[in-house]
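*Asks:* Sending over a structure as structure tokens; questions will come in a sec.
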Amino acid sequence: MKNILVIGAAGQIGSELVPALRSKYGKNNVVAADLNTEINADILQIGPFYKLNVLDTNSILKVIKEHQIDTIYNLVALLSARGEAEPQLSWQINMGGLVNLLEISREQNCAIFTPSSIGAFGPSTPKDKTPQDTIQRPNTIYGVTKVAGELLCDYYYKRFGVDARGVRYPGIISNVTAPGGGTTDYAVHIYYEALKYEKFSCFLSENTSLDMMYMPDAVRAAIEVMEADPAKLIHRNCFNVTAMNFTPKEIALEIKKYIPNFTIAYDVDPIRQAIADSWPNSMDDSAAREQWGWKHEYDLKSMTKDMLDVLQNKL
Ligand code: AKB
């Protein structure tokens, strides 16, 4: 990777991936782009930044040619809960954006990273230690776009030789940009509310078990899979990656160690609960560990300490 375009750069992952890529490859070799030029302007506009719509082929091509881009990070997506509220828009953005960027990658000979998710699994998928290759019949529009996206990226690799790669992320916890419209978002909001109000109302039930990952690990996964030796990759676009697994009750207990008066209550949202219940309890990420050396650093304990330290200063 020499010259990189991150599209959807102002979101939860982009706002931390862009600085990480810039410190590794150089400020001017990483172009950030988003439709929204207001959010995280202070972070993104330190280097080249463009207002771009993922569906606007000509404007994207112009930037790619001007900066001789060879690698694209496609971070544009409507997440699971928002997708259920706006399924048509979800298909248009998630799939329309991907198709557009894959075609551009084919024409311009770019490598491309697109994240998939635990959302690519569904109720008939084995729940525990979900294997790398298994049944994928999701019942959300987000999941449908993720499975279709994984297959399309594989197709572009096999049919046209596009170096398309990706990982299946679990829920991501971060402290720079809050996520929006996801089912795992509670695991971010809980830290903010714990520090501000010493209480939190959770929209998932107390024993809902999901895999999660702290943002520094998520950023590293995105960079490392793109740097991996292609000769060692058996899979390409859908590596299960995970770092930790917990329920709302367990994260609350961990936070209580630092904020003893913290309390959690449950006001379950049936839509997000149904989405979470359709996803795996935990994933087996041994393929990523074997094929490109994936290794997480943060667990619930170390992440909680870091989240509270960082947010205490920020708030
Ligand atoms: C969501 O909750 O929709 C996302 C995801 C797990 O892909 N965070």
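So the sequence shown is numbered by the numbering used here: it starts at 1 and just counts up by one.
For each residue, glycine too, the CB sits at the ideal point set by N, CA and C.
On a predicted model such as this, the values are computed, not experimentally measured, just so you know.
Around the C-beta of Ser302, are 16 or more other C-beta atoms found within 10 angstroms, so that it is buried, or is it exposed?
*Replies:* Exposed.
*Asks:* Use the C-beta contact count for Ser80: other C-beta atoms within 10 angstroms, 16 or more gives buried, fewer gives exposed.
*Replies:* So Ser80 ends up on the buried side.
*Asks:* Could you please give the first and the last residue of the uninterrupted alpha helix (DSSP H) stretch that includes Ser209?
*Replies:* Per DSSP, Ser209 belongs to no alpha helix (DSSP H) and is neither H nor E.
*Asks:* Have a look at Pro123 and Pro48 and give me their C-alpha separation to the nearest angstrom.
*Replies:* For Pro123 and Pro48, the distance between alpha carbons rounds to 43 Å.
*Asks:* Starting from Ser278, follow the alpha helix (DSSP H) in both directions and report where the run begins and ends.
*Replies:* Element bounds for Ser278: 270–278.
*Asks:* As an exercise, report each continuous beta strand (DSSP E) stretch of at least 3 residues that is fully enclosed by the segment 184–258, in chain order.
*Replies:* Listed in chain order, the complete beta strand (DSSP E) runs (minimum 3 residues) inside the segment 184–258 are 199–202, 210–214, 244–246.
*Asks:* Suppose contacts are defined by Cβ-Cβ distances below 8 Å. Is Thr304 in contact with Ile255 by that definition?
*Replies:* Against a cut-off of 8 Å, the Cβ pair of Ile255 and Thr304 comes out as a contact.
*Asks:* Which two residues bound the contiguous beta strand (DSSP E) that contains Ile173?
*Replies:* Run containing Ile173: 171–173, per the beta strand (DSSP E) assignment.
*Asks:* According to DSSP, what are the bridge partners of Met283?
*Replies:* Per DSSP, Thr130.
*Asks:* When you measure from the CB of Pro280 to every non-hydrogen atom of ligand 1, does any distance come out below 7 Å?
*Replies:* False, no ligand heavy atom lies under 7 Å from that Cβ.
*Asks:* Just the Cα atoms here: how many angstroms apart are Tyr191 and Val176?
*Replies:* Going from the Cα of Tyr191 to the Cα of Val176 covers about 12 Å.
*Asks:* Taking the C-alpha atoms as reference points, what is the distance between Gly220 and Phe262?
*Replies:* Position check: residue 220 holds Arg in this sequence, whereas Gly was assumed. Approximately 32 Å between the Cα atoms of the pair.
*Asks:* Beta strand (DSSP E) containing Phe121: first to last residue?
*Replies:* Neither: Phe121 is in no beta strand (DSSP E) and is coded neither H nor E.
*Asks:* Under the three-state reduction of DSSP, which class applies to Val167: helix, strand or coil?
*Replies:* Note: Val167 maps to strand in three-state DSSP.
*Asks:* Near Tyr156, what residues of its chain come up, given a Cβ to Cβ distance below 6 Å and the 5 sequence neighbours on each side ignored?
*Replies:* For Tyr156, where only same-chain residues beyond five positions count, the Cβ hits under 6 Å are Leu102, Val162, Ala164.
*Asks:* With a floor of 3 residues, list each beta strand (DSSP E) that falls wholly inside the segment 43–120, ordered by position along the chain.
*Replies:* Listed in chain order, they are 49–51, 71–74, 111–113.
*Asks:* Is the beta carbon of Val241 less than 8 Å from the beta carbon of Val167?
*Replies:* Closer than 8 Å, so yes.
*Asks:* Using a Cβ distance threshold of 8 Å, determine whether the segment 268–282 contacts the segment 220–233, with at least three qualifying pairs required.
*Replies:* No: fewer than three Cβ pairs fall under 8 Å.
*Asks:* Is DSSP giving Thr304 helix, strand or coil here?
*Replies:* Helix, per DSSP.
*Asks:* Which residue's Cα is closest to the Cα of Val99: Asp269, Ala243, Ala148, Lys129?
*Replies:* Of the listed residues, the one whose Cα sits closest to Val99 is Ala148.
*Asks:* To the nearest angstrom, how far is it from the Cα of Val144 to the Cα of Asn94?
*Replies:* Roughly 10 Å between the two C-alpha positions.
*Asks:* Roughly how many whole angstroms lie between the Cα atoms of Thr125 and Ala288?
*Replies:* For Thr125 and Ala288, the distance between alpha carbons rounds to 19 Å.
*Asks:* Just to check my reading of the structure: Lys146 and Ala120 have Cβ atoms closer than 8 Å, yes? What is that Cβ distance to the nearest angstrom?
*Replies:* That belief holds up - the Cβ atoms of Lys146 and Ala120 are roughly 4 Å apart, short of 8 Å.
*Asks:* Does DSSP put Tyr156 in a helix, in a strand, or in coil?
*Replies:* Reduced to three states, the DSSP call for Tyr156 is helix.
*Asks:* So what's Ala33 in DSSP terms, helix, strand or just coil?
*Replies:* Reduced to three states, the DSSP call for Ala33 is strand.
*Asks:* How about Ala111 and Asp70: do their beta carbons lie closer than 8 Å?
*Replies:* Against a cut-off of 8 Å, the Cβ pair of Asp70 and Ala111 comes out as a contact.
*Asks:* Please classify Leu151 as buried or exposed, where buried requires at least 16 other C-beta atoms within 10 Å of its C-beta.
*Replies:* It is exposed - the Cβ of Leu151 has fewer than 16 other Cβ atoms within 10 Å.
*Asks:* Span of the alpha helix (DSSP H) holding Val18?
*Replies:* 14–25 is the span of the alpha helix (DSSP H), which, as asked, contains Val18.
*Asks:* Just to confirm my understanding: we take Leu311, look at its own chain, exclude 5 residues before and 5 after, and list those with CB closer than 8 Å. What are they?
*Replies:* Cβ within range, chain order: Asn175, Tyr191, Tyr192, Leu195.
*Asks:* Run through DSSP, which three-state label would Ile4 get?
*Replies:* Three-state DSSP puts Ile4 in a strand.
*Asks:* How many Å lie between Pro230 and Cys238 at the Cα?
*Replies:* When rounded, the distance between both Cα atoms is 14 Å.
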